[in-house]
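Down below is the structure, laid out as structure tokens.
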Amino acid sequence: VIDAYDVADKTNMGGRINTIMQTCFFAISGVLPEEEAIAAIKEAIKKTYGKRGEKVVQQNYEAVDQTLAHLHRVPVPETVTSTLELPSMVPANAPEFVQRVTGEIMAGRGDDLPVSLLPVDGTYPTATTQWEKRNIALEVPIWDPDICIQCGKCALVCPHATIRIKVYPEEELAGAPESFQSTPYKGKEYPGWMYTIQVAAEDCTGCGACVHVCPAKNRREPRFKAINMEPQPPIRERERANYDFFLSIPEIDRRNVNPRQVKTNQLLQPLFEFSGACSGCGETPYIKLITQLFGDRTIVANATGCSSIYGGNLPTTPYAVNADGRGPAWSNSLFEDNAEFGLGMRLTLDKRLEYAIELLKHNAEAIGPDLVDALLTADQSDEAGIYDQRQRVAALKQRLASLNGAPGLKQLASLADILVKKSVWIFGGDGWAYDIGYGGLDHVLASGRNINVLVMDTEVYSNTGGQMSKATPRAAVAKFAAAGKPLPKKDLAMIAMSYGNIYVARIAMGASDAQTVRAILDAESYNGPSLILAY
110 VIDAYDVADK TNMGGRINTI MQTCFFAISG VLPEEEAIAA IKEAIKKTYG KRGEKVVQQN
170 YEAVDQTLAH LHRVPVPETV TSTLELPSMV PANAPEFVQR VTGEIMAGRG DDLPVSLLPV
230 DGTYPTATTQ WEKRNIALEV PIWDPDICIQ CGKCALVCPH ATIRIKVYPE EELAGAPESF
290 QSTPYKGKEY PGWMYTIQVA AEDCTGCGAC VHVCPAKNRR EPRFKAINME PQPPIRERER
350 ANYDFFLSIP EIDRRNVNPR QVKTNQLLQP LFEFSGACSG CGETPYIKLI TQLFGDRTIV
410 ANATGCSSIY GGNLPTTPYA VNADGRGPAW SNSLFEDNAE FGLGMRLTLD KRLEYAIELL
470 KHNAEAIGPD LVDALLTADQ SDEAGIYDQR QRVAALKQRL ASLNGAPGLK QLASLADILV
530 KKSVWIFGGD GWAYDIGYGG LDHVLASGRN INVLVMDTEV YSNTGGQMSK ATPRAAVAKF
590 AAAGKPLPKK DLAMIAMSYG NIYVARIAMG ASDAQTVRAI LDAESYNGPS LILAY
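Numbers in our numbering are just positions in the sequence shown, counted from 1, shifted up by 109.
This is the structure in structure tokens:
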């Protein structure tokens, strides 16, 4: 065993332990003689990090030299001598499927599972990343309510949705742990309510994006902000209790939230949480924001790539559900046909809605003309309208349950939920949108259908290691462009704009969060094809 992070800290390597662990591998495996292996590692360090300067090279050398002194052999006894038992991978309050299947896969015993326990149709439950509690961060952000200006930026940029914000009546604090922090809400929207920013310390990856973006500083000590990194192990138990209590506070009514302001839309529950994306990922905040803005009405067709790996990887799934058990519907297609896959979802929803409307009109007298008229003419342009339509659909289901014998009523009951407006999204990276799936994307954008495309533009093929794509700028160095890309970046926005009927936006959350929110809301509200290029 080795405390590699301790070695990294002592040698000023930050959280980088790759050369340390590589040295351990060769020392333990015996693949090469020790001196020969260390010499080869140092040669690779010089080649890999030489362009970053001699100081970086020497820091890596020092880390390698100190590794073996901190590597300790742990003898394994022939018989078990300890009375300690390994705790379960998931808590006792986890759903049965998570305990019997997901937890076993997480524990590395997936190959031992009987086929009878696996889903017959391959459909796995969502909202399962919440049970992982990976505890991989050495440091996590802790909120200082005395400095906070309640802007919501920290929650917006959090790649893993571990920073949550709630406002609530003060009576909700009954039974709160002594360490639970809260402060009066400063805005006019919720007078007399309390405000809390809480971190899920066991799910945080410690990237520090929240600290970087926080604009509020301590006037006496500017190095301290409204949110600051602290060592995780000493505060783990405390923050676990705080987060559990935080979850018990009811979510805010979506009808009472202004979605166009960051400080208020970050009060909405994210339905994409604790994914396996890299620490500090720049893609996931966009996905998380979309699930906050459009909630359980979100339907996603996801191209293969980074977003499909962290979005639907086994054994856990980051797409979550709300208190009603509803959440985004998600499916992953091939790299080359995701746009067509998403268009198929849109066409299916439209056809089902068309059939539901036909059945409503045909059975209007039996159901009640007033209810049918209200369902067909509902304004679903905001959350209040969506809520009212859900209430009408619930009333429709009750009415249908009381009717017997009328033709088409069973079909209408199965189609009733389609009367609530759905938000169809097509997710993918620049390798998909600019290159391999471009033909399909062009076809879908030209269809005129109400679909929304989010291109997470990293300007390289991220999931396969950083190869050049048509989104890579001129002169940028990437794999397959070691001397710099000779041609300019493909202007996908201008190509889409040439159709004249497509909503097109370029966004960069780090440059302007307000414009990012505005563009996403405007794209979704546009009754036609929308293309968002997210840097």
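For each residue, glycine too, the CB sits at the ideal point set by N, CA and C.
Beta-carbon spacing of residue i, residue j below 8 Å
i       : j       : result
Val-533 : Thr-235 : no
Arg-369 : Ala-310 : no
Ala-602 : Leu-642 : yes
Ala-335 : Ala-325 : yes
Leu-505 : Leu-484 : yes
Asp-115 : His-181 : no
Leu-222 : Val-210 : yes
Lys-594 : Ala-584 : yes
Gly-414 : Gly-540 : yes
Gly-385 : Asp-446 : no
Ala-632 : Ala-614 : yes
Arg-455 : Ile-527 : no
Thr-425 : Thr-232 : no
Arg-508 : Leu-480 : yes
Trp-302 : Pro-278 : yes
Tyr-304 : Ser-291 : yes
Ile-535 : Ala-628 : no
Thr-581 : Val-569 : yes
Residues that residue i bridges to, as DSSP identifies them
i       : result
Leu-528 : Paired residue(s): none; Leu-528 is not in a bridge.
Arg-273 : Gln-307
Lys-161 : This sequence places Arg at residue 161; Lys is not what is there. Its beta-bridge partners do not exist; DSSP assigns none.
Val-533 : Ile-408
Trp-240 : According to DSSP, Trp-240 bridges with nothing at all.
Met-577 : Val-569
Ile-641 : Leu-563 and Ala-614
Met-338 : Pro-250
Thr-292 : Tyr-304
Asn-441 : Asn-411
Phe-381 : Tyr-428
Backbone secondary structure at residue i - three-state DSSP
i       : result
Arg-666 : No answer is possible for residue 666: the residues shown for the chain start at 110 and end at 644.
Met-565 : strand
Tyr-61  : Not covered by the structure: residue 61. The range shown for the chain is 110 to 644.
Thr-396 : The amino acid at residue 396 is misidentified as Thr; the sequence shows Ile. Helix at Ile-396.
Thr-425 : coil
Glu-248 : strand
Asn-431 : coil
Gly-538 : strand
Phe-355 : helix
Ala-590 : strand
Lys-326 : strand
Phe-403 : helix
Tyr-170 : helix
Gly-420 : helix
Leu-177 : helix
Pro-343 : helix
Glu-281 : helix
Met-198 : coil
Arg-364 : helix
Asp-255 : coil
Whole-Å CB distance - residue i paired with residue j, under 8 Å assumed
i       : j       : result
Leu-512 : Ala-465 : The pair is not a contact, with the Cβ atoms about 16 Å apart (cut-off 8 Å).
Leu-380 : Pro-437 : 6 Å
Met-122 : Gln-175 : Not a contact, Cβ separation roughly 10 Å.
Tyr-635 : Asp-566 : Actually they are not in contact, since the Cβ atoms of Tyr-635 and Asp-566 sit about 20 Å apart, beyond 8 Å.
Ala-153 : Leu-141 : At roughly 13 Å, the Cβ-Cβ gap does not stay under 8 Å, so Ala-153 and Leu-141 are not in contact.
Ile-126 : Ala-117 : 5 Å
Ala-270 : Phe-383 : 7 Å
Asn-351 : Gln-378 : No, Asn-351 and Gln-378 are not in contact; Cβ-Cβ is about 18 Å, not under 8 Å.
Arg-406 : Val-502 : Contact doesn't hold; Cβ gap of about 12 Å is too wide.
Leu-640 : Ile-611 : 6 Å
Start and end residues, beta strand (DSSP E) containing residue i
i       : result
Asn-127 : Run containing Asn-127: none in the beta strand (DSSP E); it sits in the alpha helix (DSSP H), 127-138.
Ile-616 : 612-616
Met-454 : It is not in any beta strand (DSSP E) - Met-454 instead sits in the alpha helix (DSSP H) that spans 447-471.
Ala-264 : Per DSSP, Ala-264 belongs to no beta strand (DSSP E); it is in the alpha helix (DSSP H), 262-266.
Proximity test, residue i beta-carbon vs the ligand ZN heavy atom, cut-off 7 Å
i       : result
Asp-491 : In the structure on display, the ligand ZN does not appear, and there are no ligands present to speak of.
Extent of the continuous alpha helix (DSSP H) run through residue i
i       : result
Ser-511 : 492-511
Ser-225 : Counting along the chain, Ser-225 falls outside any alpha helix (DSSP H), and DSSP gives it neither H nor E.
Ala-628 : 622-634
Val-481 : 478-485
His-321 : 318-322
Met-606 : 601-606
Lys-119 : 113-119
Gly-548 : 547-554
Val-51  : No answer is possible for residue 51: it lies beyond the span of the chain, which begins at 110 and ends at 644.
Residue-level contact to chain B via CB, residue i, 8 Å cutoff
i       : result
Ser-388 : Looking at the structure shown, chain B is missing, and only one protein chain is on hand.
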